[in-house]
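**Q**
In the UniProt record's numbering, the protein residues as written are 1 to 375.
1. What does DSSP give as the partner residues of residue 75 in its beta bridges?
2. Identify, in the order they occur along the chain, each residue of the same chain with its Cβ nearer than 7 Å to the Cβ of residue 46, setting aside the five sequence neighbours on each side.
3. What did DSSP end up calling residue 42 once you bin it into helix, strand or coil?
4. Residue 244 and residue 96 - do their beta-carbons sit closer together than 8 Å?
5. In whole angstroms, give me the CA-to-CA distance for residue 259 and residue 103.
6. Is residue 373 near the ligand NAP - that is, is its Cβ less than 7 Å away from at least one heavy atom of it?
7. Identify every run of the beta strand (DSSP E) within the region 216 to 283, keeping only runs that are complete inside it and at least 3 residues long; order them along the chain.
8. Pull up the CB-CB distance for residue 228 and residue 80, whole angstroms please, since I reckon it's below 8 Å.
9. Taking just the CA atoms, how far does residue 234 sit from residue 75?
10. Since residue 161 and residue 332 should fall inside the 8 Å C-beta cutoff, what is the C-beta to C-beta distance between them, to a whole number of angstroms?
11. Taking the straight line between their C-alpha atoms, what separation do you get for residue 193 and residue 303?
12. Thinking C-alpha only, which one of 77, 340, 307, 330 is nearest residue 132?
13. What residue range does the alpha helix (DSSP H) around residue 82 cover?
14. Could you tell me the distance, in whole angstroms, from the CA atom of residue 226 to the CA atom of residue 130?
15. Given residue 272, which residues of its chain have a CB within under 7 Å of its CB, disregarding the five upstream and five downstream residues?
16. Around the C-beta of residue 59, are 16 or more other C-beta atoms found within 10 angstroms, so that it is buried, or is it exposed?
17. Under the three-state reduction of DSSP, which class applies to residue 365: helix, strand or coil?
18. Sort 351, 195, 362 by Cα distance to residue 23 and report the nearest one.
19. Which term fits residue 298, buried or exposed, when burial requires 16 or more other beta carbons within 10 angstroms of its beta carbon?
20. Measure the C-alpha to C-alpha separation of residue 287 and residue 98 and round it to an integer number of angstroms.
21. Can you tell me whether residue 188 is helix, strand or coil according to DSSP?
22. Who are the near neighbours of residue 82 in its chain, counting only those whose CB is closer than 7 Å to its CB and skipping five residues on each side?
23. Under a Cβ-count criterion, where at least 16 other Cβ atoms within 10 Å of its own Cβ denotes burial, should residue 78 be classed as buried or exposed?
24. Measure the CB-CB distance between residue 265 and residue 30 and report whether it falls below 8 Å.
25. Check the C-beta distance from residue 253 over to residue 51 and give it rounded, since I have them as a contact under 8 Å.
26. Can you have a look at residue 249 and say buried or exposed, based on whether 16 or more other CB atoms are within 10 angstroms of its CB?
27. DSSP three-state call for residue 175: helix, strand or coil?
28. Taking residue 380 as the reference, give the member of 175, 117, 349 with the closest Cα.
29. Please state whether the Cβ-Cβ distance between residue 212 and residue 179 is less than 8 Å.
30. For the alpha helix (DSSP H) holding residue 342, just list the boundary residues, first then last.
31. May I ask you to report which of helix, strand or coil DSSP gives residue 337?
32. Could you check whether residue 66 and residue 231 sit closer than 8 Å to each other, using their CB atoms as the reference points?
33. Looking only at its own chain, which residues have a Cβ that is under 6 Å from the Cβ of residue 363, when we skip the five neighbours before and after it?
34. Report the rounded CA-to-CA distance for residue 341 versus residue 368, giving the unit in angstroms.
35. With a CB to CB cut of under 8 Å and the five nearest residues on each side skipped, what residues in its chain are close to residue 143?
36. Who are residue 298's beta bridge partners in DSSP?
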């Protein structure tokens with residue numbers, strides 16, 4: 001849509017994207033320096049395959065990170081081509097052809113696509129969430145009790161697309177349910193650093209049936225380098241070894257240059273990330289205000305997203321098209337996330353001053369489409 005209408009907005013500052021989940025800042029200087037050093041190294045190994053599970057220096061740094069920041073001791077780390085490939089690794093390793101998998105709507109569409117590509121249609125189960133974006137664990141428990149073929153449950157925390165930060169107590173209930181009924185729990189922690197200022201991410205668990213997924217794309221602004229990782233408990237016997245077979249079949253190994261960029265970024269430290277994330281407060285507040293005309297708003301407490309509910313009967317894809325064409329601002333239709341009639345707005349992909357401009361356009365657009373829907 002942006003490409004379709006870009007020429008019409010060229011003289012008006014261009015179209016502001018509040019759609020794709022990316023950050024406005026650049027990678028740390030330490031990452032760039034690591035790349036330069038690697039490229040200038042006389043006996044560089046950049047052209048060679050690396051270990052399937054990732055470069056040892058990066059894995060060592062990640063082992064220390066998950067121990068100190070996430071409380072995950074006795075866990076192994078596998079570096080992947082982004083968090084999306086980490087999730088595909090989990091699906092191909094843990095799920096058999098007739099096993100069922102659970103996601104909760106609004107869901108992250110790439111999770112659903114990974115399951116759709118690998119399993120029969122009736123093996124995907126979609127639960128609902130509350131008005132605050134909290135997955136329905138009563139629904140989950142009822143289905144786990146009745147259907148022993150459910151083998152994997154996926155929860156994103158903080159949420160994509162919901163923008164909801166889930167409490168430790170809530171997640172513990174999900175962990176306990178999955179343990180009791182003998183299924184795997186995948187916790188996608190891509191947005192671990194995107195929590196309210198003064199808060200601490202506390203969403204990881206030592207249980208061997210829980211796998212955690214992380215990413216360098218958001219916090220360290222390395223989306224284009226495609227580097228993520230997944231953690232597996234050493235008590236989940238055989239899982240890491242089986243996942244290594246999946247890894248060797250798909251990428252063989254993650255790109256060396258991407259891993260060097262990731263290791264360099266880690267040297268900047270979590271405090272560097274926290275300073276960058278703090279700059280999102282301005283955009284978050286502006287987008288929340290822009291969405292006030294809507295009857296219902298979800299999220300804003302974590303990750304980089306807010307969802308808004310359009311008037312009943314509204315076509316969210318048509319609304320998204322109108323927002324681009326008529327108001328020069330792009331959002332994601334909620335139907336892409338299993339929630340038609342909603343829109344997802346990202347407040348991280350523009351610098352604060354640009355996000356303020358985008359919020360003005362968004363509010364004008366929301367007022368217009370809501371008024372038309374009332375006629």
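Built from N, CA and C at the ideal position, the CB exists for glycine as well.
These numbers were taken from a predicted model, which means no experiment stands behind them.
**A** On the basis of the coordinates in this document:
1. The partner list for residue 75 (beta bridge, DSSP) reads 233.
2. So the qualifying residues of the chain are 38, 256, 257.
3. DSSP, reduced to helix, strand and coil, places residue 42 outside both helices and strands of the structure shown, so it counts as coil.
4. Contact flag unset, no.
5. Put simply, the backbone Cα of residue 259 is about 30 Å away from that of residue 103.
6. With respect to the ligand NAP, the structure shown offers nothing to examine, as it has no ligands at all.
7. 228 to 233, all fully within the region 216 to 283.
8. Their Cβ separation, rounded to whole angstroms, is 5 Å, which keeps residue 228 and residue 80 in contact under 8 Å.
9. Roughly 5 Å between the two C-alpha positions.
10. With 8 Å as the limit, residue 161 and residue 332 qualify as a contact, their Cβ atoms being about 7 Å apart.
11. Residue 193 and residue 303: Cα-Cα distance of roughly 8 Å.
12. Residue 132 has its Cα closest to that of 307, out of 77, 340, 307, 330.
13. For residue 82, the uninterrupted alpha helix (DSSP H) segment begins and ends at 82 to 94.
14. Each residue's alpha carbon lies about 32 Å from the other.
15. Hits under 7 Å: 28.
16. Residue burial is scored here from C-beta neighbours: residue 59 has at least 16 other C-beta atoms within 10 angstroms and is therefore classed as buried.
17. Collapsing the DSSP output to three states places residue 365 in a helix.
18. Checking every option, the nearest Cα to that of residue 23 belongs to 351.
19. It is buried - the Cβ of residue 298 has at least 16 other Cβ atoms within 10 Å.
20. Residue 287 and residue 98 have their C-alpha atoms spaced approximately 43 Å apart.
21. Note: residue 188 maps to strand in three-state DSSP.
22. Cβ within range, chain order: 215, 217, 226, 227, 228.
23. Classification of residue 78: buried, given that the 10 Å Cβ count is 16 or more.
24. In contact: residue 265 and residue 30 (Cβ atoms closer than 8 Å).
25. That belief holds up - the Cβ atoms of residue 253 and residue 51 are roughly 6 Å apart, short of 8 Å.
26. Result: exposed.
27. Collapsing the DSSP output to three states places residue 175 in a helix.
28. Not covered by the structure: residue 380. The range shown for the chain is 1 to 375.
29. The criterion of a C-beta distance shorter than 8 Å is not satisfied by residue 212 and residue 179.
30. Per DSSP, residue 342 belongs to no alpha helix (DSSP H); it is in the beta strand (DSSP E), 342 to 346.
31. For residue 337, the three-state secondary structure derived from DSSP is helix.
32. Yes; because the gap between Cβ atoms is below 8 Å, this pair is in contact.
33. Answer for residue 363: 290, listed in chain order.
34. Straight-line spacing of the CA atoms in residue 341 and residue 368 works out to 16 Å.
35. The residues are 102, 125, 127, 150.
36. Beta-bridge analysis with DSSP links residue 298 to 307.
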